[in-house]
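Visitor: 14 is the number of the first residue of the sequence shown in my numbering; add one for each residue after it. Beta carbons are placed, not taken as given, at the ideal position from N, Cα and C, and that holds for glycine. A quick note: this is a predicted structure, and the numbers were derived from the prediction, not measured. Before I ask anything, let me first share the structure, which is written out below as structure tokens.
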Amino acid sequence: MSLLLALDLGTESIRAGAFDEHGVLVASAQADYPTRFPRPGWAEQSPEDWWSATLTTLGEISSQIGDRPISGVGLATTASTVAVLDGQGRSLRPALLWMDARAHAEAGRTTRVTHPVMRYSGGGDAAEWLVPKAMWLAVNEPRVYAAADRIVEAVDYLTYRLTGRWVASRMNAVCKWNYSERDGGFPHDLYAELGVPDLAAKLPGEVAAVGAPVGTVLPEVMRQAGLRGAPTVAAGGIDAHLSMLSTGALACGDVSVVAGTSVAHVTQIDEPVFTPAIWGPYPDALLSGRWLIEGGQISGGVLLRWAAETLLGRSRDQGPQLIAEASAVAPGSNGLLVLDYLMGNRTPYRDAKLRGAVLGLTLDSKPAEIYRAAVESVAYGTRNVLQSFSEAGIPVKRICISGGIRHNPLWKQVTADVLGQPIELVTSQNLTLLSGAACAASAAGLFPDLVSAAGAFGAECVTIEPDPALSSLYTEGFELYREATAAVTGVSHSLVDRAVRP
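Following this line, the structure appears as structure tokens:
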């Protein structure tokens, strides 16, 4: 029997998984690549590193599955990780990683235009998105921008390297490029108003719905990887957004929270809600006829890793011990408050110039207390996002959480306690790969549509109940978190402005 292959290009590594038609994982592999931080708020990677790591994982998959052929390939990547390429698909400069916030001024310009498609993103674009990053390139690296044949997302790059075709994911185009089929496709006049009139010509011209077939893997790639078959590649999408497929979070009121390096919050609604408090409503992003809502915390697990390894000096293998020590600290007993804005804030403040802080430090403050406060900060950020959903009239009935959070027992429990409601935790090893396999199955024709495929590739969950005794304590902490954010905003902006001066 043939297998389905899924690729998940994440922040630090690419993961690959081969699944049978029942959604059983039969082989997996992972390869890392470096990130560079040349200036505060900047983050870059090499697309060539992505491809080298991709081939490494494909080779490892091949060694595990032997002669079993591959019939379909599904792709998921971080969103708004932007590659700048020449006509042969070679990099003209390092890719701007999703968390790169250098385009904050350009994002501010998008809030001052009145084009009708801007209502689909709450009135403006985020600093991480492709359009503001292209605007930044046009102004700050005009020769590179002019020479660029393609300015694309990581998922577009992988699709091209696998198939030789430039085909965009409708999800990425709608959510990150201000594209809307309901309004004529690419907004050429908007791009012109923003100073990048030729941007559409540098994007993939063809746009395909998630799970639609876009081509077959090139024979030379199959030979290089040692794989068998002529698999169909599915139009992929944003890693966190695809999670809705395998969590079954497709009904109005179901929210999928992917808590990993960052934290993404996605849901679908039946009728649009227009408000600057949310990102969206994105028309037809995942499923035709539905509206996708997005929220996000830029610093999730990356903040906890920074706190443990950089701030507190604990090695990665000492992480479990630090988590255990922090779990023994009584909630609210340390008098500490952390703000989680190490790379700015996406939701609900839309402020790329917010910065992190640790408040309440004394000479008696201990590492475990600081770490626990960092965990509580990430949970407060999640509550802030979901509260912005509710205040906008978007139902939040069922919360399904997945990602790296499953490895951190303190983060899991504190999230439930701070939210004050049960959360369903996905226990599957890699939800994004499972969703990618569903896309591959749909593109390969194994199911009549993407929803049917998703039903066959569902994830298993366990329920984590909140501690009701902590409700008032964490509500007070959450209000202090919001009060502190308002208090430090002006200082954060001034510090960012000082940091970027020559």
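Using only alpha-carbon positions, find the residue among P232, K189, G242 that is nearest to L175.
Guide: Numbered from 1 along the sequence shown, position 162 holds the residue referred to as residue 175. Among P232, K189, G242, the Cα nearest to that of L175 belongs to P232.
Visitor: Determine the closest residue to G416 out of N443, L423, V220, L399, with distance taken between C-alpha atoms.
Guide: Here the question's residue 416 lines up with position 403 in the sequence shown. It is N443 whose Cα lies nearest to the Cα of G416.
Visitor: Taking three-plus beta-carbon pairs below 8 angstroms as touching, is the segment 447-458 in contact with the segment 82-92?
Guide: Taking a contact to require three or more Cβ pairs closer than 8 angstroms, the segment 447-458 and the segment 82-92 qualify as touching.
Visitor: Tell me the rounded alpha-carbon separation between I74 and Q237.
Guide: For the purposes of this step, residue 74 is taken as residue 61 along the sequence shown, with counting starting at 1. For the purposes of this step, residue 237 is taken as residue 224 along the sequence shown, with counting starting at 1. Going from the Cα of I74 to the Cα of Q237 covers about 12 angstroms.
Visitor: Cα separation between R28 and P481?
Guide: Here residue 28 refers to the residue found at position 15 of the sequence shown. Here residue 481 refers to the residue found at position 468 of the sequence shown. For R28 and P481, the distance between alpha carbons rounds to 38 angstroms.
Visitor: To which residues does DSSP link D21 through a beta bridge?
Guide: The residue labelled residue 21 in the question sits at position 8 within the sequence shown. Answer by DSSP bridge pairing, in chain order: R28, A89.
Visitor: According to DSSP, simplified to helix, strand and coil, what is N191?
Guide: Within the sequence shown, numbered from 1, the residue matching residue 191 stands at position 178. Of the three classes helix, strand and coil, the one that applies to N191 here is coil, per DSSP.
Visitor: Counting pairs of beta carbons, one from the segment 345-354 and one from the segment 379-386, are three or more of them closer than 8 angstroms?
Guide: yes
Visitor: Would you check if the segment 248-258 and the segment 145-156 touch, i.e. whether three or more CB-CB distances between them fall below 8 angstroms?
Guide: no
Visitor: Could you give the C-beta distance for L543 and T502, rounded to a whole number, given that I count them as a contact under 8 angstroms?
Guide: The chain is shown only over 14 to 515; residue 543 falls outside these bounds and no answer can be derived.
Visitor: Determine the burial state of Q426: buried for a count of at least 16 other Cβ atoms within 10 Å of its Cβ, exposed for fewer.
Guide: Position 413 of the sequence shown, counted from the start, is the residue given in the question as residue 426. Counting Cβ neighbours within 10 Å, Q426 comes out buried, since at least 16 surround it.
Visitor: Answer with buried or exposed for A214, where buried requires no fewer than 16 other C-beta atoms within 10 angstroms of its C-beta.
Guide: Residue mapping note: residue 214 aligns to position 201 of the sequence shown, counting from 1. That one is exposed.
Visitor: Going by beta carbon distance, what residues of the same chain come within less than 6 angstroms of G314, once the five residues before and after it are set aside?
Guide: The residue labelled residue 314 in the question sits at position 301 within the sequence shown. Here the set comprises G273, T274, G417.
Visitor: Closest to I436 by CA distance: which of H128, G135, A392 is it?
Guide: Counted from its first residue, the sequence shown places residue 436 at position 423. Ranking the options by Cα distance to I436, first place goes to A392.
Visitor: Check whether the segment 199-208 and the segment 160-175 touch, using three or more Cβ-Cβ pairs below 8 angstroms as the test.
Guide: no
Visitor: Would Y365 be called buried (16 or more neighbouring beta carbons within 10 Å of its own) or exposed?
Guide: For the purposes of this step, residue 365 is identified with residue 352 of the sequence shown, where counting begins at 1. Per the sequence presented here, residue 365 reads as Ala, with Tyr not at that position. When all chains shown are included, A365 counts as buried.
Visitor: Using CA atoms only, rank isn't needed, just tell me which of M235, V279, V227 is closest to D252.
Guide: Numbered from 1 along the sequence shown, position 239 holds the residue referred to as residue 252. Of the listed residues, the one whose Cα sits closest to D252 is V279.
Visitor: Kindly give me the distance between the Cβ atoms of P289 and G136, rounded to whole angstroms, as I take these residues to be in contact under 8 angstroms.
Guide: As a working mapping, residue 289 is identified with position 276 in the sequence shown. As a working mapping, residue 136 is identified with position 123 in the sequence shown. Right, their Cβ atoms sit about 5 angstroms apart.
Visitor: Three or more C-beta pairs closer than 8 angstroms, one from the segment 88-101 and one from the segment 111-131: is that the case here?
Guide: yes
Visitor: Three or more beta-carbon pairs under 8 angstroms between the segment 314-334 and the segment 461-469, yes or no?
Guide: Judged by Cβ distances under 8 angstroms, the segment 314-334 makes no contact with the segment 461-469, as fewer than three pairs qualify.
Visitor: Tell me the DSSP secondary structure of E73 in three-state form.
Guide: Residue numbering aside, residue 73 sits at position 60 when the sequence shown is read from its first letter. In this structure, E73 counts as helix in the three-state DSSP scheme.
Visitor: Within 10 angstroms of the Cβ of V180, are there 16 or more other Cβ atoms? Answer buried if so, exposed if not.
Guide: Residue 180 sits at position 167 when you count from the first residue of the sequence shown. Buried, because 16 or more other Cβ atoms sit within 10 Å of the Cβ of V180.
Visitor: Checking 7 angstroms against the spacing of the C-beta atoms, do L88 and L171 come in under that value?
Guide: Along the sequence shown, read from residue 1 onward, the residue named residue 88 stands at position 75. Along the sequence shown, read from residue 1 onward, the residue named residue 171 stands at position 158. Against a cut-off of 7 angstroms, the Cβ pair of L171 and L88 comes out as a contact.
Visitor: Under 8 angstroms by Cβ, that's how I've got A298 and V187 pegged, so tell me the actual separation to the nearest angstrom.
Guide: Your numbering for residue 298 matches position 285 in the sequence shown. Your numbering for residue 187 matches position 174 in the sequence shown. A298 to V187, Cβ: 5 angstroms. Contact.
Visitor: Between the alpha carbons of V246 and A450, how many angstroms are there, rounded?
Guide: Within the sequence shown, residue 246 is the residue found at index 233, counting from 1. Within the sequence shown, residue 450 is the residue found at index 437, counting from 1. A direct Cα-Cα distance of roughly 11 angstroms separates V246 from A450.
Visitor: Could you check whether the segment 63-77 touches the segment 38-45, counting it as contact only if at least three pairs of C-beta atoms, one from each stretch, sit closer than 8 angstroms?
Guide: yes
Visitor: Whose CA, out of H506, R303, I164, S448, lies closest to the CA of G218?
Guide: Locating residue 218 in the sequence shown gives position 205, where the first residue counts as 1. For G218, the nearest C-alpha among the options comes from I164.
Visitor: Helix, strand or coil: how does DSSP classify T476 here?
Guide: The residue labelled residue 476 in the question sits at position 463 within the sequence shown. DSSP places T476 in strand when its eight states are reduced to three.
Visitor: Whole-angstrom Cβ separation of E478 and A429, contact assumed at under 8 angstroms?
Guide: For the purposes of this step, residue 478 is identified with residue 465 of the sequence shown, where counting begins at 1. For the purposes of this step, residue 429 is identified with residue 416 of the sequence shown, where counting begins at 1. Indeed, because the Cβ distance is near 7 angstroms, the residues count as touching under 8 angstroms.
Visitor: Measure the alpha-carbon distance for E154 versus S312 and round it to whole angstroms.
Guide: Translated into positions along the sequence shown, residue 154 becomes position 141. Translated into positions along the sequence shown, residue 312 becomes position 299. When rounded, the distance between both Cα atoms is 28 angstroms.
Visitor: According to DSSP, simplified to helix, strand and coil, what is G373?
Guide: Counting from 1 along the sequence shown, the entry for residue 373 is found at position 360. Correct three-state label for G373: coil.
Visitor: Rank L240, G208, V276, S484 by C-alpha distance to the C-alpha of V552 and give the top, closest one.
Guide: The structure shown has nothing for residue 552, since the chain only spans 14 to 515.
Visitor: Enumerate in chain order the residues of its own chain whose CB-to-CB distance from P408 is below 7 angstroms, with the five nearest sequence positions on each side excluded.
Guide: Walking along the sequence shown from the start, residue 408 turns up at place 395. So the qualifying residues of the chain are C265, G266.
Visitor: Between the alpha carbons of G3 and L18, how many angstroms are there, rounded?
Guide: Within the shown structure, residues of the chain are numbered from 14 to 515, placing residue 3 beyond reach of any answer.
Visitor: Which word fits Q101, buried or exposed, when buried means at least 16 other C-beta atoms lie within 10 angstroms of its C-beta?
Guide: Within the sequence shown, residue 101 is the residue found at index 88, counting from 1. Of the other Cβ atoms in all chains shown, fewer than 16 fall within 10 Å of the Cβ of Q101; this residue is therefore exposed.
Visitor: Count the other CB atoms within 10 Å of the CB of D169; is the residue buried (16 or more) or exposed (fewer)?
Guide: Counting from one through the sequence shown, the residue named residue 169 turns up at place 156. The residue in question, D169, is buried, as its Cβ has 16 or more Cβ neighbours within 10 Å.
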